[in-house]
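This report concerns only the one structure given below.
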Amino acid sequence: MSAKQYKARSVQKRYRENRDGHIAVVTALVGLPLLLMVSIALDLGNASAKRANIRAGADAAALASVIPANLSDDERAAFAKRAFVENYFGKEKVDLAVKATREQVDIEAHIQVPTLLSSMIGKDHIDVRERSSAIVTRADVVCVLALDPKGDRAIEFLDNAKFNSPECSVQANSTSSLAINSEVVTPPVAKSFCTSGVSRGRFSPLVKHACTPIVDPYANLIPPADGPCLDMTALGIKGGRVINNTVLIPGTYCGSLTIDGTNITMLPGTYIMKDKSLWIKNGSQLTGKGVTIAFKGQNAIVEIESGSSVDLTGPATGPYKGLVFYQTKEGLRANHNLPSSTSTIIGGSSLKLTGTAYFPTQKLVITSDKPVAAQAPATALIAYNLQFGGQSVTEIHVDHETAGLPPLLPRSDEGARLIE
């Protein structure tokens, strides 16, 4: 064995026999990667928490900013940014990109989350991006709408009236501090209650305040043109009194009509009550399908008495589709205080109005002297203001398919949903 070989073996032997410092060496070799792995895991967990935070803020901002109807695109984008700040609780600076229209708001949020030890491998931050998009939803049918923009008691529930519209919403456009009022024992029930002002009383669910006013869906509808006055005598009508087994035809009625008999039928079409009333008396019976009754002028109102049997359905097609009662603004005196007049529906033994009862400048009173429910598969009530009173039991549904009508209007724009 050479001297060099002997020396090498001697060094190897001493190394094997001397184990001092081995743990430190192993720790140095294994501990640093382990520390980096733990650091990366912590960095990823921190980034995940930040991601959830900015996603929550972006979702809240998108939903809040898409709802208001009276904002420009720039105002809506600014609104979204403010809403994000109010709902984001992180310390990192957020780069926010917002694209806003009336129908949809898109938000992209980006932050850089600092790392712990990951910078040792060239990763000093983690990029976190989240997107959120919200759209306006109009699936919610408003089946009771008061158009009065600022008056008290635009919608009110009095006496022992009961109201139930579980499938549709009730809204008052009034900004008054007493826009919707309830003084009844049993709280009115609806899918939702909403007003541009404030409510008083008990409701189920609670009334939402400061809602966006709903645009009158029939404001631009062109009223039917007057035709020649129908010959009442030829129709068997004397003194405006309609008796048993009479068949009424569409056209212009220049005198008031008093429905005072049974088995009275209205043929399909448009009926114009020219500055005159339609009075349906106790014990009478009136039916009609595909019918629109237009009320023109200051004195054109409808009165339906208790004990009458009324079954009227609006047309399924044409310019007045879905409208069973249509009060026009023609013939009203200039600068006349609103409501211009009052129409009254007293729930009787059988009251079935299928379609929309539209009285944009009138007060519509629905009452009854006995607890009889007024029901139809699809009904909407739109008036300047509305009152439910007496012993009336009002059941409103919006099943337009069963009714054979197009979808009822209006639709609420107070809803929103996320699509991303």
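Residue numbers (my numbering): 7 to 426.
Cβ coordinates follow ideal geometry from the N, Cα and C atoms, glycine included.
- In this structure, A300 keeps its C-beta atom at 9 Å or more from the C-beta atom of D281.
- Between the alpha carbons of I186 and P194 lies a distance of about 11 Å.
- Each of V308, N76, T293 and M272 was checked against the Cα of L284, and the nearest Cα belongs to V308.
- For F209, there is no enclosing beta strand (DSSP E), as DSSP marks it with neither H nor E.
- Below 8 Å, enough C-beta pairs join the stretch 263–278 and the stretch 247–255 to call them touching: three or more.
- Rounded to the nearest whole angstrom, the C-alpha separation of S418 and I220 is 7 Å.
- Shown here for P211: not one same chain residue has a beta carbon closer than 6 Å to its own, the five before and five after excluded.
- Sixteen is the threshold: since fewer than 16 other Cβ atoms of the shown chains lie within 10 Å of the Cβ of F95, the residue is exposed.
- The straight-line gap separating the alpha-carbon atoms of E136 and I117 is approximately 9 Å.
- Just so you know, the alpha carbons of S356 and H342 end up roughly 35 Å apart.
- Y259 is the residue among Y259, L359 and S71 whose C-alpha sits nearest the C-alpha of M238.
- Between N288 and S314, the gap from beta carbon to beta carbon is short of 9 Å.
- Counting other Cβ atoms within 10 Å of its Cβ, S183 stays below 16 and is therefore classed as exposed.
- The three-state secondary structure of K56, taken from DSSP, is helix.
- The shortest C-alpha to C-alpha distance from I243 to any of L227, T264 and G233 is the one to T264.
- Excluding five sequence positions before and after N166, the CB atoms of its chain that fall closer than 6 Å to its own CB belong to Q397, given in chain order.
- For E162, no alpha helix (DSSP H) run applies; the uninterrupted beta strand (DSSP E) run containing it begins and ends at I161 to F163, by DSSP.
- Taking C-alpha positions only, N170 is separated from N93 by approximately 36 Å.
- For R135, the beta-bridge partners assigned by DSSP are H116.
- When only Cα atoms are considered, K214 and V399 end up about 24 Å apart.
- In this structure, the beta-carbon distance from V100 to F85 does not fall below 9 Å.
- By the Cβ neighbour-count rule, T362 is buried, with 16 or more other Cβ atoms within 10 Å of its own.
- For the alpha helix (DSSP H) assignment, the stretch 254–338 encloses no uninterrupted run of at least 4 residues.
- For D101, the three-state secondary structure derived from DSSP is strand.
- Segment contact: the stretch 401–412 against the stretch 382–389, three or more CB-CB distances shorter than 8 Å; contact assigned.
- For F90, the uninterrupted alpha helix (DSSP H) segment begins and ends at D79 to N93.
- S78 sits exposed, since fewer than 16 C-beta atoms from the chains shown fall within 10 Å of its C-beta.
- Assignment of R108 by DSSP, reduced to helix, strand and coil, places it in the coil class.
- Each residue's CA atom was taken as its position, placing S71 and R61 some 15 Å apart.
- Cβ atoms of T298 and V330 come within 8 Å of each other, at about 7 Å.
- N391 sits away from T218, with the two beta carbons spaced by 9 Å or more.
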